[in-house]
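Asks: The structure is given below, and queries will be raised subsequently.
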Amino acid sequence: MSNATTAAHGDNYLNHEKGLWSWLSTVDHKRIGLMYMATVLTYFLIGGIFALLIRLELLHPTQTIMDANTYNRMFTYHGAIMVFLVVVPAIPTTLGNFLLPMMLGAKDVAFPKLNLASYYVYLAGGLFATASLFLRGADTGWTFYTPYSIRTSGTVILVLTGAFIAGFSSILTGLNFIITIHKLRAPGLTWSRLPLFVWATYATSIIQILATPVLAITLALLVMERVLRIGIFDPAIGGDPVLFQHFFWFYSHPAVYIMILPAFGVVSEVIPVFSRKPIFGYKAIAYSSFAIALIAFIVWGHHMFVSGESEFAAFLFSLITMFVAVPTGVKVFSWVGTMYGGSIRFNAPMLYAFGFLELFTVGGLTGVFLATLAVNVHLTETYFVVAHFHYVMVGGTLMALLAGMHFWFPKMFGKMYSESCARVAWFLILVGFNVTFFPQFILGAQGMPRRYWSYLPEFTLLNQISTVGSWLIAAGFLFTAFYLIKALISGEKAPSNPWNALTLDWQTPSPPPHDNFPVTPIVTDWPYEYRPDGAIVPIQGAAPLPA
Amino acid sequence: MSSTHESAYPVHHVGHHFNNASDEFEAAKQGMWVFLVTEILMFGGLFVAYGIFRGMYPEMYVEAHHALQMKMGALNTIVLITSSLTMALAVSATQRGKKQRAIGMMAATIFLACCFLVVKYFEYSHKFHEGLLPGAFYSNTEITNPKAPLFFSLYFMMTGLHGIHVLIGIGLISWMILRSLRNEFSENFYTPVELVGFYWHFVDIVWIYLFPLLYLVS
Ligand SMILES: [Cu+2]
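Each protein sequence line maps, in turn, to chains A and B.
Position one of the first sequence corresponds to residue 1 (the numbering used here), numbered consecutively onward.
Position one of the second sequence corresponds to residue 1 (the numbering used here), numbered consecutively onward.
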């Protein structure tokens with residue numbers, strides 16, 4: 001807390017240099033994190049508008065606002081933008097960039113220039129993908145299955161190139177983070193004292209560097225299919241379209257954990273702070289991330305149970321997929337164990353952590369349904385699958401992102417937002433989410449297929465409930481944008497540590513100075529010694545925190 | 001060249017976020033290793049595709065591979081292995097502060113890399129001439145197996161991706177020569193040259209796998 005006095009000079013990373021160019025050319029990880037945040041949120045807005053239009057079209061069983069071809073392009077762009085440009089980079093590039101060096105007591109990531117380059121690579125990928133919208137567009141779905149993606153007209157190549165380029169941003173960010181964690185830890189910050197967000201980021205980075213190159217070569221080959229008709233994925237000259245599915249899911253299944261592991265990291269930081277109790281099962285939470293990362297690479301076949309893989313392979317993939325539930329369950333029980341007997345405070349970040357637990361658990365358990373072979377055959381390509389992965393990706397990743405954004409907002413901008421507004425928005429989003437997606441489980445179980453522009457009249461009521469839910473979510477997000485922007489402009493000044501948290505990022509002024517810490521901290525303990533009446537600050541010479 | 005002041009080494013500034021130069025060097029080296037792992041996985045996709053189709057159509061591979069010019073492939077293998085040697089010598093010369101020798105060795109590496117590409121150019125134009133092209137552009141009538149276009153798709157994708165890596169290597173080594181001429185390296189600071197060396201050895205190793213897989217099928 002004594003550090004706070006240095007903030008009196010008013011020099012921080014936001015005003016250290018001025019002007020637009022100082023932002024565009026910055027190598028400061030904190031500023032790069034904010035640039036990513038602005039860009040990711042812009043794509044989230046675009047992808048979200050597509051989602052609203054999709055739901056609006058499904059208000060009536062026949063045409064509501066658009067024709068079938070437009071609808072196909074809509075869900076393709078909704079999926080591609082949300083997966084490749086929003087949910088995959090959401091937490092690592094925004095919170096990860098901002099927090100990782102701060103949690104390590106470092107001044108920056110290992111390769112600051114590479115970090116800036118990654119941002120522009122990401123931006124370029126996004127521009128390629130969205131540019132195709134203004135041409136003839138793509139209607140393949142975000143999965144680009146062959147041979148349809150080879151034959152369909154439209155600007156599929158641009159979308160593929162966009163995803164290909166954005167992939168390199170993901171690879172380079174992962175590489176940067178791994179070396180940062182190995183090389184730039186503050187004195188005394190041993191592996192067993194690392195914050196769990198850092199552990200989660202490490203496991204995520206490993207998946208990013210191992211899986212994404214496979215996506216890169218797969219998309220490159222698909223581009224070549226369209227340009228040169230190389231035939232590797234095309235049955236017409238002896239190629240194998242199922243090979244494309246194998247390659248695609250070898251990346252895209254682990255990608256699910258690129259999305260969710262950082263979310264686990266955020267929740268692991270938020271829950272002990274607002275429960276005022278040491279985290280339960282620190283090592284179990286840390287290591288289970290690696291168990292998940294490992295299993296992630298050997299379950300991809302569960303996307304292909306009906307694509308003609310052998311029954312024996314399907315059986316193995318089904319079994320291994322269910323094993324994912326074990327390390328995931330270890331985490332959920334550890335979080336519940338942390339809250340048990342704690343003095344819980346219901347601030348916005350904690351509310352979002354609760355939202356995460358509810359939605360992610362539903363998403364995870366329905367994943368076990370889908371991993372079950374016999375059930376899967378019935379549910380394949382239905383709305384049950386759509387509901388399942390929205391509960392995981394939106395309910396998991398996005399809830400955690402919101403938890404993290406509210407938790408670290410005071411640190412990032414030095415301002416406080418309105419707690420009561422945040423509660424209203426949280427309520428709208430959580431209720432809206434369940435109203436939108438829960439009916440889709442029922443629709444899917446009743447046999448409504450995904451990716452269709454129309455449906456049978458008996459599905460009308462549930463579809464209309466779902467569409468109304470999407471408006472509630474939209475209202476929640478608009479309200480969130482409103483009160484956060486208001487806080488940026490006229491929010492109360494934030495203290496350096498408003499939640500009395502213990503990780504190093506809180507042991508410096510808000511917003512942090514250009515070099516993160518006035519003096520390099522010397523770490524003496526792990527950052528989870530929370531007590532109902534205070535906490536033990538894990539750096540040398542620090543006084544205990546009151547609760 | 002001898003007019004440049006070998007003694008006037010500008011001091012390399014260690015990044016403000018590192019404790020010391022050796023931490024910075026270690027970080028850069030580890031970063032390069034991780035990068036090469038990602039490269040292996042990217043090429044890995046192509047190798048897996050190669051293996052799967054070889055399992056599906058073994059007799060087609062045998063028939064199609066005769067159309068490749070084995071002697072040219074062998075020549076290129078020798079050229080690249082020699083270039084790995086010259087690059088290794090360039091790195092060790094840089095580490096010992098022998099600027100002239102380092103620049104000479106890097107120039108030799110670039111020369112050999114260009115030789116590789118020239119040979120590759122003749123091989124490619126021969127294939128174009130014979131109609132041995134990827135997928136739908138295939139027009140050769142001498143090879144009877146109807147799946148043969150797949151082999152040439154793989155051939156062009158694998159050697160093409162490798163060729164792009166050779167081109168990038170030439171660019172990187174040229175940049176190292178430029179920085180060397182500007183006296184940026186010394187016994188105390190030679191990280192970039194060493195990392196480019198790693199990269200170049202990796203490019204060679206990929207070729208050492210590609211050559212037998214494509215040219216020596218039996
Ligand atoms: Cu999966």
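All residues carry an ideal CB built from backbone N, CA and C; glycine is no exception.
Since the structure is predicted, the reported quantities are computational estimates derived from the model, not experimental observations.
What's the call for K30/A, buried or exposed, on a 16-neighbour Cβ count within 10 Å?
Replies: For the purposes of this step, residue 30/A is identified with residue 30 of the first sequence, where counting begins at 1. With 16 or more other Cβ atoms within 10 Å, it is buried.
Asks: Going by C-alpha to C-alpha distance, which of L213/B, L216/B and V203/B sits closest to V79/B?
Replies: Counting from 1 along the second sequence, the entry for residue 79/B is found at position 79. Selected option, being the one with the closest Cα: V203/B.
Asks: Looking at the secondary structure, which residues open and close the alpha helix (DSSP H) in which G444/A lies?
Replies: Along the first sequence, read from residue 1 onward, the residue named residue 444/A stands at position 444. If you look at G444/A, you'll find it in the alpha helix (DSSP H) that goes E419 to A445.
Asks: From the beta carbon of K120/B, is the nearest beta carbon of chain A less than 7 Å away?
Replies: Sequence index remark: in the second sequence, residue 120/B carries index 120 (1-based). False, the Cβ-Cβ gap to chain A never drops below 7 Å.
Asks: Are any of the Cβ atoms in chain A nearer than 7 Å to that of H5/B?
Replies: The count along the second sequence starts at 1 and reaches residue 5/B at position 5. In this predicted model, H5/B has a pLDDT of only 43, less than 50, meaning its place in the structure is not dependable; the value taken from the coordinates is given anyway. Chain A contact via Cβ: absent.
Asks: Which residues, taken in chain order from the region 35-47 of chain B, show a beta carbon closer than 9 Å to some beta carbon of chain A?
Replies: Listed by position along the chain: F35, V37, T38, E39, I40, L41, M42, F43, G44, G45 and L46.
Asks: If we ignore side chains and look at the alpha-carbon of each, how far apart do G447/A and N497/A end up?
Replies: For the purposes of this step, residue 447/A is taken as the residue at position 447 of the first sequence. For the purposes of this step, residue 497/A is taken as the residue at position 497 of the first sequence. Cα to Cα, G447/A sits roughly 51 Å from N497/A.
Asks: Closest by CA to T161/A, which one among M74/A, L85/A and Q208/A?
Replies: Locating residue 161/A in the first sequence gives position 161, where the first residue counts as 1. Among M74/A, L85/A and Q208/A, the Cα nearest to that of T161/A is on L85/A.
Asks: Give the straight-line distance between the Cα atoms of L370/A and F479/A, rounded to the nearest whole angstrom.
Replies: As a first step, residue 370/A must be located in the first sequence, where it is residue number 370. As a first step, residue 479/A must be located in the first sequence, where it is residue number 479. Straight-line Cα distance between these residues: approximately 35 Å.
Asks: Residue range of the alpha helix (DSSP H) that V214/A falls in?
Replies: Locating residue 214/A in the first sequence gives position 214, counting from the first residue. Membership of V214/A in the alpha helix (DSSP H) is indicated by the continuous run L196 to L228.
Asks: Is there at least one non-hydrogen atom of ligand 1 closer than 6 Å to the beta-carbon of H253/A?
Replies: To locate residue 253/A, count along the first sequence from 1; it is residue 253. Under cutoff, so the answer is yes.
Asks: Counting only the same chain and skipping the five closest in sequence on each side, list residues whose C-beta sits under 6 Å from that of T503/A.
Replies: Translated into positions along the first sequence, residue 503/A becomes position 503. The answer, listed in chain order, is M103, P195 and P527.
Asks: What residues of chain B sit near G469/A, judged by a beta carbon separation below 9 Å?
Replies: For the purposes of this step, residue 469/A is taken as the residue at position 469 of the first sequence. Within 9 Å Cβ-Cβ: nothing; G469/A doesn't reach chain B, min ~40 Å.
Asks: Is the CB of A186/A under 7 Å away from at least one CB in chain B?
Replies: Taking the first sequence and counting its residues from 1, the one referred to as residue 186/A is at position 186. Judged by the 7 Å Cβ criterion, A186/A is not in contact with chain B.
Asks: State yes or no: is the C-beta of K71/B nearer than 6 Å to some heavy atom of ligand 2?
Replies: Absent from the structure shown: ligand 2. Ligands present: ligand 1.
Asks: Going by DSSP, what residue range makes up the alpha helix (DSSP H) through N97/A?
Replies: What you label residue 97/A is simply residue 97 of the first sequence in a count that begins at 1. Looking at the DSSP string, the run of the alpha helix (DSSP H) that includes N97/A is N97 to L104.
Asks: Under the rule that 16 or more other beta-carbon atoms within 10 Å means buried, what is A8/A, buried or exposed?
Replies: Indexing the first sequence from 1 puts residue 8/A at position 8. Note on A8/A: pLDDT 47, under 50, position unreliable in the model; no value is reported.
Asks: At a Cβ cut of 7 Å, what residues of the region 81-109 of chain A count as close to chain B, listed as they run along the chain?
Replies: A106, K107 and D108
Asks: Tell me whether the beta-carbon of Y145/A lies closer than 7 Å to the beta-carbon of T94/A.
Replies: Within the first sequence, residue 145/A is the residue found at index 145, counting from 1. Within the first sequence, residue 94/A is the residue found at index 94, counting from 1. Contact: no.
Asks: In this structure, how does DSSP classify R185/A when only helix, strand and coil are distinguished?
Replies: Counting from 1 along the first sequence, the entry for residue 185/A is found at position 185. Secondary structure at R185/A: coil, using DSSP grouped into helix, strand and coil.
Asks: Do S275/A and T212/A have their CB atoms nearer than 7 Å?
Replies: As a first step, residue 275/A is located in the first sequence; it is residue number 275 there, counting from the start. As a first step, residue 212/A is located in the first sequence; it is residue number 212 there, counting from the start. Their beta carbons are not under 7 Å apart, which means S275/A does not touch T212/A by this criterion.
Asks: Kindly list the residues whose CB is nearer than 6 Å to the CB of H65/B, restricted to its own chain and excluding five residues on each side of it in sequence; keep chain order.
Replies: As a first step, residue 65/B must be located in the second sequence, where it is residue number 65. Result list for H65/B: V217, in chain order.
Asks: Please name the residue or residues paired with E492/A in a DSSP beta bridge.
Replies: Here residue 492/A corresponds to residue number 492 of the first sequence, with the count starting at 1. M416/A, per the DSSP bridge assignment.
Asks: Are the C-beta of G31/B and some C-beta of chain A separated by less than 7 Å?
Replies: Here the question's residue 31/B lines up with position 31 in the second sequence. Flagged as an interface residue toward chain A: G31/B, by a C-beta distance shorter than 7 Å.
Asks: Establish whether the CB of G135/B and some CB of chain A are separated by less than 7 Å.
Replies: Stepping through the second sequence from its first residue, residue 135/B is reached at position 135. Closer than 7 Å to some Cβ of chain A, the Cβ of G135/B qualifies, so yes.
Asks: Grab the span of the alpha helix (DSSP H) containing A27/B for me, first residue to last.
Replies: Taking the first residue of the second sequence as position 1, residue 27/B is located at position 27. Start and end: A21 to M56.
Asks: Could you tell me whether any Cβ in chain D is nearer than 7 Å to the Cβ of A291/A?
Replies: Protein chains A and B are contained in the structure displayed, whereas chain D is not.
Asks: Closer than 7 Å, Cβ to any Cβ of chain B: which residues of the region 69-80 of chain A, in chain order?
Replies: none
Asks: Can you tell me whether DSSP reads G534/A as helix, strand or coil?
Replies: For the purposes of this step, residue 534/A is taken as residue 534 along the first sequence, with counting starting at 1. If DSSP states are grouped into helix, strand and coil, G534/A belongs with the strands.
Asks: Buried or exposed: T141/B, going by 16 or more other Cβ atoms within 10 Å of its Cβ?
Replies: Within the second sequence, numbered from 1, the residue matching residue 141/B stands at position 141. It is exposed - the Cβ of T141/B has fewer than 16 other Cβ atoms within 10 Å.
Asks: Within the 7 Å Cβ cut-off, does P213/A reach chain B?
Replies: To locate residue 213/A, count along the first sequence from 1; it is residue 213. Closer than 7 Å to some Cβ of chain B, the Cβ of P213/A qualifies, so yes.
Asks: Give me the chain A residues within the contact set of E22/B, using Cβ-Cβ distance strictly less than 8 Å, ordered along the chain.
Replies: To locate residue 22/B, count along the second sequence from 1; it is residue 22. The residue asked about is misnamed: residue 22/B is Ser in this sequence, not Glu. Correct list: empty, because the minimum Cβ distance to chain A is about 11 Å.
Asks: In chain order, what are the residue ranges of uninterrupted alpha helix (DSSP H) at least 4 long that sit wholly in the region 88-169 of chain B?
Replies: 99-130
Asks: Are there three or more Cβ pairs, one per stretch, closer than 8 Å when the region 209-216 of chain B is compared with the region 31-42 of chain B?
Replies: Contact fails: fewer than three Cβ-Cβ distances are below 8 Å.
Asks: Could you tell me which whole beta strand (DSSP E) segments of length 3 or greater appear in the region 500-531 of chain A?
Replies: none
Asks: The alpha helix (DSSP H) spanning N69/A covers which residue range?
Replies: For the purposes of this step, residue 69/A is taken as the residue at position 69 of the first sequence. Start and end: A68 to A80.
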